[in-house]
Amino acid sequence: MLKAAHPERPDALTWAFLGLGVLLLPVGLYLALSAPPDVNQGYLVRIMYLHVPGAWLGYLAFFVTFLYSLLYLLRQDPRYDRVALASAEIGLVFMGLALVTGMLWARPTWGVYWTWEPRLTTTAILFAVYVGYFLLRGAIEDPELRAKAAAAVGVLGFINVPISYMSVKWWRSLHQTQSIDLTTGKVHMDPAMLQALLFNLLVFTLLYLGFVRFRALVAALEARKEEA
Amino acid sequence: MGRVWLLALRDLRLEVRDRAGVLSALSFLAVMLFVMALALGPEEGALRRAAPGVLWVALAFLATLLSTRAFALEVEDATLDDLLLTPGGKEWVYFGKLLFQMLLLLPLSALALFLAAGLFYLPLEKALPLFLTLALGGLGYASVATFYAGLLARLRGREVLLPLLLFSLVVPVVLAGVRATAGLLEGLPVAEVASWWQLLLVFDLVYLTAGALLFPVVMEG
Chain A
10 MLKAAHPERP
20 DALTWAFLGL
30 GVLLLPVGLY
40 LALSAPPDVN
50 QGYLVRIMYL
60 HVPGAWLGYL
70 AFFVTFLYSL
80 LYLLRQDPRY
90 DRVALASAEI
100 GLVFMGLALV
110 TGMLWARPTW
120 GVYWTWEPRL
130 TTTAILFAVY
140 VGYFLLRGAI
150 EDPELRAKAA
160 AAVGVLGFIN
170 VPISYMSVKW
180 WRSLHQTQSI
190 DLTTGKVHMD
200 PAMLQALLFN
210 LLVFTLLYLG
220 FVRFRALVAA
230 LEARKEEA
Chain B
15 MGRVWLLALR
25 DLRLEVRDRA
35 GVLSALSFLA
45 VMLFVMALAL
55 GPEEGALRRA
65 APGVLWVALA
75 FLATLLSTRA
85 FALEVEDATL
95 DDLLLTPGGK
105 EWVYFGKLLF
115 QMLLLLPLSA
125 LALFLAAGLF
135 YLPLEKALPL
145 FLTLALGGLG
155 YASVATFYAG
165 LLARLRGREV
175 LLPLLLFSLV
185 VPVVLAGVRA
195 TAGLLEGLPV
205 AEVASWWQLL
215 LVFDLVYLTA
225 GALLFPVVME
235 G
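So the sequences go chain by chain: A and B.
Taking my numbering, the leading residue of the first sequence gets 10, the next gets one more, and so forth.
Taking my numbering, the leading residue of the second sequence gets 15, the next gets one more, and so forth.
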């Protein structure tokens, strides 16, 4: 995911990820809209095809931030910091998407937009941690100290990701448990719906990869301008 | 280990000599509990239900206050760099500051417990398990607070940034702490609360290790 020290423009791989993601997005949308309705929720369940990929990518992006923050702390190479920053930013956007679609979904099914339920609460906190990550970045002017401090938050803040993921199992409450359980590998879903969901997950992941590479490049250009 | 105690005791002595710091922390705690009781009262049942949450929020504020104080003098007198320049690893600075905070936090949280008991009609038969819960949670708070306070010590706007970064990160501790406290106050047997203690202990260990490992890295330079 790293680029040369002085990149000029996005490389072929970035364009490939972005292009493929954008091309497949309508296909994913078609699959989501043609998937069978849910027994209980009817057509409402289709918000899942946006909600689950959003949350999944939020987690994935924060994991990448965690990984590259650790790498930065070990190697002190600014390129790692830029990837961590890019991933956190995109993770925040996707997590926001998951929160918003979740609220839109909660209103008709649970009757309220928001409730202090473990999954919702832990996700909101996760969101707040990475908002703090950017506030901290904004507060520090020295690039080296900024990268170090941000990396520390990127590492410490990640503790909340597994808590958020596992919250539906630890505290059984309103939010349903994972349809695709990564800890046991079990899938509780109709095959047709699963196909559509997996396809959308793939499309969003491609887009994420493209976005991260693109954002890291922009960060590199910014850093060069800052130095000059 | 010797250095850790030395640093903690020196800070403690400075703090006690100054008196203003401890006293203001103490009065802040008292006023906060009083205002919360006033806002939520006067019904006894409502007060009792709210008490665990109020207590843990009060402790969170207290931990923020103490962790800022732990580094305030070092920054004022520009001695932080001298501390960090001593030969050997830098973890001991982290542990020293943490120990200083715990030495203040433990008696203050015991005091907070008694104050809350008076204001919120709490039964204190299980005072010892309750105090153990507060101590475990306090360690969780302080381990993260010390780390962030050190990280932010040299920055402008640290007063705002610290609670923001700290509170979102210690929520698991708040959650486990509130559940354990509420369980004990409702009269649940200690064995049933033990699982929350385990969770608190796990968080304490995770935060402590992460803090001790990251502190030297972010403080140098």
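Ideal Cβ positions, reconstructed from N, Cα and C, are used throughout, including at glycine.
When burial is assigned at 16 or more other CB atoms within 10 Å of the CB, is residue 201/A buried or exposed? Position 192 of the first sequence holds residue 201/A. Under this definition residue 201/A is an exposed residue.
Enumerate in chain order the residues of its own chain whose CB-to-CB distance from residue 86/A is below 8 angstroms, with the five nearest sequence positions on each side excluded. Here the question's residue 86/A lines up with position 77 in the first sequence. Same-chain partners within the cutoff: 80.
Coil, strand or helix - residue 47/A by DSSP: The count along the first sequence starts at 1 and reaches residue 47/A at position 38. Here residue 47/A sits in strand by DSSP.
Using a Cβ-Cβ distance cut-off of 7 angstroms, determine whether residue 157/B contacts chain A. Here residue 157/B refers to the residue found at position 143 when the second sequence is read from its first residue. By this cut-off, residue 157/B is not an interface position.
Three-way DSSP call (helix, strand, coil) for residue 313/A in this model: This structure does not reach residue 313/A, given that chain A is present from 10 up to 237, and the question cannot be answered.
Among 49/A, 24/A, 128/A, 159/A, the one whose alpha carbon lies nearest that of residue 74/A: Against the first sequence, residue 74/A aligns to sequence position 65. Checked all of 49/A, 24/A, 128/A, 159/A; the closest Cα to residue 74/A is 159/A.
Taking residue 207/B as part of the alpha helix (DSSP H), name the residues at either end of that continuous run. Taking the first residue of the second sequence as 1, we reach residue 207/B at position 193. Note, residue 207/B: alpha helix (DSSP H), 204-233.
Should residue 68/B be flagged as near chain A, meaning a C-beta pair shorter than 7 angstroms? Locating residue 68/B in the second sequence gives position 54, counting from the first residue. Not an interface residue.
Taking DSSP's pairing of strands, which residues face residue 196/A in a bridge? Translated into positions along the first sequence, residue 196/A becomes position 187. In DSSP, residue 196/A forms a bridge with 189/A.
May I ask you to report which of helix, strand or coil DSSP gives residue 184/B? Here residue 184/B refers to the residue found at position 170 of the second sequence. Residue state, collapsed to three classes: coil.
Among the candidates 165/B, 144/B, 201/B, 169/B, whose CA atom is the shortest distance from the CA of residue 190/B? Looking up residue 190/B in the second sequence gives position 176. Nearest of 165/B, 144/B, 201/B, 169/B to residue 190/B, Cα basis: 144/B.
Going by alpha carbons, who is nearest to residue 84/A out of 156/A, 205/A, 59/A, 30/A? Indexing the first sequence from 1 puts residue 84/A at position 75. When only C-alpha atoms are compared, the closest one is 156/A.
Inter-residue Cα distance where the pair is residue 77/A and residue 93/A: In the first sequence, counting from the first residue as 1, residue 77/A sits at position 68. In the first sequence, counting from the first residue as 1, residue 93/A sits at position 84. The straight-line gap from Cα to Cα measures roughly 5 angstroms.
Segment limits, alpha helix (DSSP H) that includes residue 134/A: Reading the first sequence from its first residue, position 125 is the one you call residue 134/A. Segment 127-148, the alpha helix (DSSP H) holding residue 134/A.
Assigned exposure category for residue 70/B - 16 Cβ within 10 Å defines buried: Here residue 70/B refers to the residue found at position 56 of the second sequence. Burial call: buried.
By a C-beta neighbour count over all protein chains shown, 10 Å radius and 16 as the cutoff for buried, is residue 233/A buried or exposed? In the first sequence, counting from the first residue as 1, residue 233/A sits at position 224. Its Cβ having fewer than 16 others within 10 Å, residue 233/A is exposed.
Rounded to whole angstroms, what is the Cα-Cα separation between residue 176/B and residue 162/A? Residue 176/B sits at position 162 when you count from the first residue of the second sequence. Residue 162/A sits at position 153 when you count from the first residue of the first sequence. Going by the C-alpha atoms only, they are around 12 angstroms apart.
Give me the subset of the stretch 173-185 of chain B whose CB atoms are less than 7 angstroms from a CB atom of chain A, sorted by chain position. 175, 178, 179, 182, 183, 185
Chain B contact for residue 138/A (CB, 7 angstroms cutoff): Along the first sequence, read from residue 1 onward, the residue named residue 138/A stands at position 129. Answer yes: the Cβ-Cβ gap between residue 138/A and chain B drops below 7 angstroms somewhere.
For residue 121/A, three-class secondary structure by DSSP: Mapped onto the first sequence, residue 121/A falls at position 112. If DSSP states are grouped into helix, strand and coil, residue 121/A belongs with coil.
Have a look at 25/B, 30/B, 68/B, 55/B and flag the residue whose alpha-carbon is nearest the alpha-carbon of residue 44/B. Numbered from 1 along the second sequence, position 30 holds the residue referred to as residue 44/B. That would be 68/B, whose Cα lies nearest to the Cα of residue 44/B.
Select from the stretch 216-235 of chain B all residues with a C-beta closer than 7 angstroms to any C-beta belonging to chain A, and list them in chain order. 220, 224, 228, 231, 232, 235
So with CB distances below 9 angstroms, who are the chain B contacts of residue 105/A? Taking the first sequence and counting its residues from 1, one reaches residue 105/A at position 96. Going along chain B, no residue has its Cβ under 9 angstroms from residue 105/A, so there is no contact; the nearest lies around 15 angstroms.
Can you find at least 3 beta carbon pairs, one from the stretch 62-72 of chain A and one from the stretch 207-226 of chain A, that sit closer than 8 angstroms? yes
Thinking C-alpha only, which one of 186/A, 100/A, 138/A, 167/A is nearest residue 126/A? The residue you call residue 126/A lines up with position 117 of the first sequence. With distances taken between Cα atoms, residue 126/A lies closest to 186/A.
In terms of residue numbering, what span does the alpha helix (DSSP H) encompassing residue 101/B cover? Counting from 1 along the second sequence, the entry for residue 101/B is found at position 87. It is not in any alpha helix (DSSP H) - residue 101/B carries neither H nor E in the DSSP assignment.
Name the residue from 129/A, 67/A, 237/A, 204/A whose alpha carbon lies nearest to the alpha carbon of residue 139/A. Translated into the one-based positions of the first sequence, residue 139/A becomes position 130. The residue with the shortest Cα to Cα distance from residue 139/A is 67/A.
Can you tell me whether DSSP reads residue 72/A as helix, strand or coil? Position 63 of the first sequence, counted from the start, is the residue given in the question as residue 72/A. Note: residue 72/A maps to helix in three-state DSSP.
Against chain A, does residue 171/B count as a neighbour if the rule is that its beta carbon must be under 7 angstroms from one of theirs? The sequence position of residue 171/B within the second sequence is 157, counting from 1. Yes - at least one Cβ of chain A is within 7 angstroms of the one on residue 171/B.
Along the alpha helix (DSSP H) that carries residue 155/B, what are the first and last residues, could you check? On the second sequence, residue 155/B is found 141 positions in, with the first residue counted as 1. Element bounds for residue 155/B: 141-166.
Quick check on residue 91/B: buried or exposed, where buried means 16 or more other Cβ atoms within 10 Å of its Cβ? The residue labelled residue 91/B in the question sits at position 77 within the second sequence. The residue is exposed, with fewer than 16 neighbouring Cβ atoms inside 10 Å.
Quick check on this structure: which residue in 134/B, 112/B, 230/B, 229/B has the alpha carbon closest to the alpha carbon of residue 196/B? By one-based count along the second sequence, residue 196/B stands at place 182. The residue with the shortest Cα to Cα distance from residue 196/B is 134/B.
Give the DSSP-derived three-state secondary structure of residue 237/A in the structure shown. Against the first sequence, residue 237/A aligns to sequence position 228. Three-state result, residue 237/A: coil.
Please name the residue, chosen from 40/B, 166/B, 183/B, 212/B, that lies closest to residue 169/A on a Cα-to-Cα basis. Here residue 169/A refers to the residue found at position 160 of the first sequence. Per the Cα distances, 183/B.
Would residue 52/B count as contacting chain A if we go by Cβ distances under 7 angstroms? For this step, residue 52/B is matched to residue 38 along the second sequence. It does not; no Cβ of chain A falls within 7 angstroms.
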